[in-house]
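Q:
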Amino acid sequence: MIAHEYVWTFWSVAFLLPWAALFLLVPEQRRIMLRASLLTAPLGLSQPLFVPEYWNPPSLLGLAQRTGFDIESVLFSFGLGGVGAVLYNAVTRKASEPVPPQERCHRRHKHHISALLTPLVVFPVLYPWGWNPIYPAIIAMLVGAIANVGCRPELLGKTILGGILFLVYYTLLFLGFQASAPGYVDQIWNWDAITGIRVLGMPIEELLFAGAFGCYWSGAYEHIFWMRPARTEAAQSTRPHARAAKEPHHG
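Each step along the sequence shown adds one to the number in my numbering, with nothing skipped, and position 13 is 40.
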């Protein structure tokens with residue numbers, strides 16, 4: 028068993044192992060993983076919003092307790108972002124292809140930027156209402172997923188299945204997390220500030236977070252970089268490096 032003061036540090040690093048496995052085993056997704064992880068890593072800097080309101084984990088050098096920030100949250104966010112972006116493609120073995128320039132002119136795409144930024148707008152609107160910050164975060168990501176699909180309907184299937192796959196993935200990791208440190212969840216989560224509902228011993232908020240994140244982020248890469256699930260066998264058989272070279276840049 029892992030001593031409680033080292034659990035968060037250990038598991039923030041352990042969350043990088045599935046990331047590394049996907050990176051090695053699914054080489055055609057490496058470019059996506061790196062981009063997605065670099066985009067989500069800074070979200071770890073939001074930890075002061077959640078400590079101690081949602082939880083209060085001992086961290087490396089005691090940073091979380093002294094400053095609110097910690098190194099572990101950045102590693103955790105890095106790992107989640109890369110896996111969340113490619114888990115659907117890795118499991119279904121589907122590729123992505125660029126959205127044709129003529130389709131980008133469709134009137135629904137005039138909301139391209141606003142749809143992508145929806146979570147960043149919704150969260151600060153809900154945060155001052157006095158809820159525990161985990162709930163505005165969950166709602167913001169769900170609204171962001173809906174906005175993504177509204178702008179890019181072809182991402183509906185990937186959004187739903189990607190959310191389910193990520194929820195299963197996160198649940199399995201969290202079960203291992205619990206098993207490695209019995210009693211940790213009871214002591215570290217702020218149970219008085221959340222619903223207190225447990226599923227397999229886990230706070231239901233963790234599962235809601237995982238599902239919401241998976242729904243939003245599984246289609247975010249395609250939305251940001253004007254990609255979509257490949258529609259033809261020819262597109263899916265395109266060599267990964269050639270396809271990556273043709274990926275358009277957002278903006």
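Cβ coordinates follow ideal geometry from the N, Cα and C atoms, glycine included. All figures in this text were calculated on a predicted structure; none of them were measured in a lab.
Indicate the three-state DSSP secondary structure (helix, strand or coil) for residue 344 in the structure shown.
A: Lying outside 28 to 278, the shown extent of the chain, residue 344 is not represented and no answer is given.
Q: Quick one: grab the DSSP three-state call for residue 141.
A: Shown here, residue 141 sits in a helix according to DSSP, grouped into three states.
Q: So what does DSSP say about residue 123, is it helix, strand or coil?
A: strand
Q: Expressed to the nearest angstrom, what Euclidean distance is found between the alpha-carbon atoms of residue 200 and residue 129?
A: 42 angstroms
Q: Under the assumption that residue 194 contacts residue 167 (Cβ atoms under 8 angstroms), give the Cβ distance between them as a whole number of angstroms.
A: Between residue 167 and residue 194 the Cβ distance is about 17 angstroms, and since that is not below 8 angstroms, they are no contact.
Q: Which residues in the same chain have their Cβ closer than 6 angstroms to the Cβ of residue 68, if we skip the five residues on either side of it in sequence?
A: 101, 104 and 105
Q: Quick one, are the C-beta atoms of residue 111 and residue 216 less than 8 angstroms apart?
A: Not a contact, by the Cβ cut-off of 8 angstroms.
Q: Out of curiosity, what's the CA-to-CA distance linking residue 196 and residue 107?
A: 10 angstroms
Q: Can you give the Cα-Cα distance for residue 5 and residue 115, rounded to whole angstroms?
A: In the structure as shown, the chain starts at 28 and stops at 278, and residue 5 therefore has no counterpart that could be examined.
Q: Beta-carbon separation of residue 56 and residue 113 under 8 angstroms?
A: yes
Q: Quick one: which unbroken alpha helix (DSSP H) runs of 4-plus residues sit fully inside the stretch 45 to 72? Chain order, please.
A: 57 to 67
Q: Using only the alpha-carbon positions, how far apart do residue 150 and residue 39 sit?
A: Residue 150 and residue 39: Cα-Cα distance of roughly 24 angstroms.
Q: Just how far apart, CA to CA, sit residue 47 and residue 59?
A: 13 angstroms
Q: For the beta strand (DSSP E) containing residue 254, name the first residue and the last one.
A: Where residue 254 is concerned, the enclosing beta strand (DSSP E) starts and stops at 254 to 256.
Q: Helix, strand or coil for residue 28? Go by DSSP, reduced to three states.
A: coil
Q: Have a look at residue 202 and residue 233 and give me their C-alpha separation to the nearest angstrom.
A: 11 angstroms
Q: Do residue 241 and residue 185 have their C-beta atoms within less than 8 angstroms of each other?
A: No, the Cβ-Cβ distance between residue 241 and residue 185 is not below 8 angstroms.
Q: Roughly how many whole angstroms lie between the Cα atoms of residue 155 and residue 231?
A: 22 angstroms
Q: From which residue to which residue does the alpha helix (DSSP H) around residue 238 run?
A: 231 to 244
Q: According to DSSP, which residues form a beta bridge with residue 225?
A: 230
Q: For residue 82, collect the residues of the same chain with a Cβ closer than 7 angstroms to its Cβ; drop the 5 residues on either side in sequence, then sort them by chain order.
A: 215, 216 and 217
Q: Ends of the alpha helix (DSSP H) at residue 212?
A: It spans 211 to 215 - the alpha helix (DSSP H) in which residue 212 sits, taken as one unbroken run.
Q: Assign residue 97 to buried or exposed, taking buried as 16 or more other Cβ atoms, counted over all protein chains shown, within 10 Å of its Cβ.
A: buried
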